[in-house]
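J.:
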Amino acid sequence: MKKNICFGLAVVLLLLSLTACGGSLEVNKNTIYVQKKGNVVGVNVTDSFDKEYYDAKELESYINDRVADYTAANGEDSVKVDEFSSEGKTVKLTMKYKGCEDYADFNEVVLFAGSMPQAMSAGYDFEDEFLKVEDGSLSGTADKSEVIGASDSKVVILSEKVDVKVDGTILYASAKYTSLAAKDTVSITLPEDAMDGEELKLTYIIYK
């Protein structure tokens, strides 16, 4: 019975797509906020939490146990739960991470944030189709040389489909699945008819 409960809670965690670090973020959809000093604030919301099968207290306890295991190995300030709330079928989780490496390790995803030269030194090739911000939207085309030519810019690279907020102004983003939600926020949305595995494709976001 205990094994079945743990499996069920793990499924809910997948629905939540754990993320987060560094302050509150008032949003109503899955969002990560890459801050100026490298911290990451993440909010995850699911409206499909079924109380007939899952208990919110058990889920919160399971999350706290995972965090305790991670911090025991990686340091007390590496990750923490900032907020957990449950109302009806909606569960909202905010977590805080010391840096992108902790976020990536804890969630087993790709998340890089740094300067353009740092990204290239880390092996990211920018082999992608890009759009640039024109007239308040990602509507202009841009080639690789133009994007990497913005050498004084910063870049976020990730393998998740979420909203991404940065401390700055968006200049370019990968063309596939992206739209400009605000001058500092890119929305990455996977369409329902996307092929299996496409959600793992890296998305580049360049900003100043």
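Sequential numbering of the sequence shown, starting at 807, is according to the numbering used here.
Even for Gly, the Cβ is constructed at its ideal location relative to N, Cα and C.
1) Could you tell me how far apart the beta carbons of S867 and T877 are, in whole angstroms, since I believe they sit closer than 8 Å?
2) Under a three-way DSSP split, which group does A879 fall into?
3) Applying the 10 Å Cβ sphere with the 16-neighbour rule, what's the burial state of T995?
4) Would you decide whether A879 is buried or exposed? Buried here means 16 or more other CB atoms lie within 10 Å of its CB.
5) For K981, which three-state DSSP category applies?
6) Identify the residues that DSSP records as bridge partners of S943: which are they?
7) Over the uninterrupted alpha helix (DSSP H) stretch that includes V953, give me the two end residues.
8) Touch check for the stretch 891-899 and the stretch 924-940: three-plus C-beta pairs under 8 Å?
9) Rounded to whole angstroms, how far is the Cβ of G844 from the Cβ of A919, which I believe are closer than 8 Å?
10) By how many angstroms is the C-alpha of G881 removed from the C-alpha of S951?
11) DSSP three-state label for V873, please.
12) For Y1010, which residues does DSSP report across the bridge?
13) What number of angstroms, rounded off, separates the C-alpha of K886 from the C-alpha of L977?
14) So, helix, strand or coil for S884, using DSSP?
15) According to the neighbour-count rule (16 or more other Cβ atoms, all chains shown, within 10 Å of its Cβ), is E966 buried or exposed?
T.: Short version:
1) Their Cβ separation, rounded to whole angstroms, is 16 Å, which puts S867 and T877 out of contact at 8 Å.
2) helix
3) exposed
4) exposed
5) Checking the displayed sequence, the identity of residue 981 turns out to be Ala instead of Lys. A981: coil per DSSP, three-state reduction.
6) E940
7) K950 to I954
8) no
9) 6 Å
10) 40 Å
11) helix
12) I963
13) 32 Å
14) coil
15) buried
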